[in-house]
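Engineer:
In this note's numbering, the protein residues as written are 7 to 261.
#1: Check whether the Cβ atoms of residue 4 and residue 10 lie closer than 8 Å to each other.
#2: For residue 186, which option in 212, 255, 47 has the closest C-alpha, if you only look at C-alpha atoms?
#3: Tell me the DSSP secondary structure of residue 59 in three-state form.
#4: Answer yes if the region 37 to 50 comes into contact with the region 106 to 123, meaning at least three C-beta pairs across the two stretches below 8 Å, and no otherwise.
#5: Is it a yes or a no for the region 85 to 102 touching the region 152 to 167, going by three-plus beta-carbon pairs under 8 Å?
#6: Near residue 201, which residues of its chain fall below 7 Å by C-beta distance, leaving aside the five closest residues on each side in sequence?
#7: To which residues of the same chain is residue 31 closer than 8 Å at the C-beta, ignoring the five residues directly before and after it?
#8: Are residue 197 and residue 149 close, meaning C-beta to C-beta below 8 Å?
#9: Kindly indicate the opening and closing residues of the beta strand (DSSP E) around residue 198.
#10: Where does residue 101 fall in DSSP's three states?
#11: As an exercise, report each continuous alpha helix (DSSP H) stretch of at least 4 residues that is fully enclosed by the region 109 to 163, in chain order.
#12: Return no unless some Cβ of chain C is closer than 8 Å to the Cβ of residue 99.
#13: Reducing DSSP to helix, strand and coil, say where residue 171 ends up.
#14: Please return the same chain residues whose Cβ sits closer than 6 Å to the Cβ of residue 64, not counting the five positions on each side in sequence.
#15: When the Cα atoms are used, what is the spatial distance from residue 162 to residue 23?
#16: Would you call residue 37 buried or exposed, if buried means 16 or more other Cβ atoms sit within 10 Å of its Cβ?
#17: Within its chain, find whatever has a CB closer than 7 Å to the CB of residue 92; leave out the 5 residues flanking it on each side and keep chain order.
#18: Just the C-alpha distance for residue 204 and residue 168, rounded to the nearest angstrom, thanks.
Structure, rendered in structure tokens:
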């Protein structure tokens with residue numbers, strides 16, 4: 007299991023939020039757990055120094071372009087970029103240093119994946135530089151992909167069929183457990199088990215980590231096949247899990 011670092015941006019600042027609170031129409035509803043005095047580029051250089059590649063820079067709304075590009079330029083080839091990616095702008099982030107671009111909402115149409123739009127995107131990125139974000143929420147006992155800042159349920163159920171179908175179009179999956187994202191109240195164990203069992207590609211899970219031992223839990227549940235992101239719980243984002251201890255854990259659990 008790899009640890010994938012993150013840089014989440016809101017209005018140009020590095021933040022950690024409660025994921026389900028992000029709404030385009032009502033910014034006052036946003037719950038911010040942490041806002042940093044350090045720039046996105048500083049976090050990128052920290053991850054580069056510690057050899058933590060494969061993380062992601064995610065833009066949560068407008069006003070983040072400059073900060074995102076500076077982070078990508080600070081760690082060339084070491085970070086993925088997500089947030090409003092389309093065929094028209096994907097090359098901008100790749101040329102700035104992103105190893106991959108991450109896409110969700112663009113490839114959906116009326117609650118279903120639009121393979122025509124996905125093919126159009128692939129013409130720009132190629133399969134090897136595209137990550138599909140299948141962040142999801144639970145409904146009626148199953149997990150469904152959510153779009154539009156994680157507010158809109160699609161018809162696409164996260165399971166073996168969807169993972170297999172999409173695996174021919176991308177290099178990796180990114181999956182936030184949106185119901186627990188930013189709450190530090192526990193991970194989505196069933197979702198991690200599902201991903202570990204059925205994902206044919208590298209997959210990164212994010213959401214709900216509250217203690218260092220969750221790394222062991224994710225490694226076990228995901229059968230060593232699910233990578234992990236920790237946001238709000240890390241001390242470098244105002245949480246209680248020491249970043250230094252995560253580095254020690256990685257040293258003791260080499261991939």
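Where a beta carbon is used, it is the ideal one built from N, C-alpha and C, also for glycine. Nothing here was measured: the structure is a model prediction, and the numbers come from that model.
Structural biologist: Taking the geometry as given:
#1: In this structure the chain extends from 7 to 261, so residue 4 is not present and cannot be described.
#2: From the listed residues 212, 255, 47, the smallest Cα separation to residue 186 is found for 212.
#3: coil
#4: Counting Cβ pairs under 8 Å, fewer than three are found: no touch.
#5: Using a C-beta cut-off of 8 Å, the region 85 to 102 makes no contact with the region 152 to 167, since fewer than three inter-stretch Cβ pairs fall below that distance.
#6: 181, 209, 211, 228, 232
#7: Low local confidence applies: a pLDDT of 45 at residue 31 is under 50, so the model's placement there is unreliable, with the coordinate-based value given in what follows. Excluding sequence neighbours, residue 31 sits near nothing in its chain.
#8: yes
#9: Premise fails: residue 198 lies in the alpha helix (DSSP H), 195 to 204, not in any beta strand (DSSP E).
#10: helix
#11: 121 to 131
#12: Looking at the structure shown, chain C is missing, and only one protein chain is on hand.
#13: helix
#14: Residues of the same chain with a CB within less than 6 Å of the CB of residue 64, apart from the 5 flanking positions on each side, are 14, 88, 89 in chain order.
#15: 25 Å
#16: exposed
#17: 112
#18: Residue 204 and residue 168 have their C-alpha atoms spaced approximately 10 Å apart.
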